[in-house]
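Take a look at the structure below.
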Ligand code: ZN
């Protein structure tokens, strides 16, 4: 059982950890947390909206309450294992790559565990009140 402390240590440490595991880091930039306001809705999927970034129509985010950036997600299933309400399912995207879809996002209890376990920061849970601050302080706390 590996220590998972590196998962929230964004930046070079994470990238080198992933490289040692031969995981290709495609976009080491976290999900755009403003996507609900700034991205265009291009369709729906299992009842949740699908949005794409204006500058890249191939970059899509599925979900309204729980957003998953399909260009970041590589289907590691850590969120599936961690989610207490089974929000996620593994599906194949248009290019046949495994990705995690927030197929039951209406069951989300906003616990944010998926955001914390995701090694590529592909998930953003809609914030209510201070949850953004809570997560940020958790992330900040790991830097010492
Ligand atoms: Zn979907």
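Numbering (the working numbering), first residue to last: 4 to 147.
Glycine included, every Cβ here is placed at the ideal spot set by N, Cα and C.
Same chain only: Cβ atoms within 7 Å of residue i, ignoring 5 sequence neighbours per side
{"i": "residue 125", "result": "34, 71, 72, 75, 76"}
{"i": "residue 95", "result": "101"}
{"i": "residue 86", "result": "116, 117"}
{"i": "residue 51", "result": "65, 66, 67, 105, 108"}
Close-in-space but distant-in-sequence residues of the same chain around residue i (CB under 6 Å, 5 per side omitted)
{"i": "residue 106", "result": "49, 92"}
{"i": "residue 53", "result": "45, 46, 63, 65"}
{"i": "residue 123", "result": "75"}
Identity of the residue in the options nearest residue i by Cα
{"i": "residue 116", "options": "84, 59, 96", "result": "84"}
{"i": "residue 81", "options": "98, 51, 102", "result": "102"}
{"i": "residue 121", "options": "60, 78, 97, 61", "result": "78"}
{"i": "residue 60", "options": "97, 119, 123", "result": "97"}
Cβ-based neighbour list, residue i, same chain, cut-off 8 Å, excluding 5 preceding and 5 following
{"i": "residue 42", "result": "35, 54, 55, 56, 57, 64"}
Rounded distance between the beta-carbons of residue j and residue i, thought under 8 Å
{"i": "residue 108", "j": "residue 69", "result": "4 Å"}
{"i": "residue 89", "j": "residue 104", "result": "Between residue 104 and residue 89 the Cβ distance is about 12 Å, and since that is not below 8 Å, they are no contact."}
*Mind pulling the alpha helix (DSSP H) runs of 4 or more residues that sit fully within the region 76-132?*
81-85, 116-120
_beta strand (DSSP E) segments (min. 3 residues) lying fully within the region 28-70_ = 43-48, 51-56, 59-65
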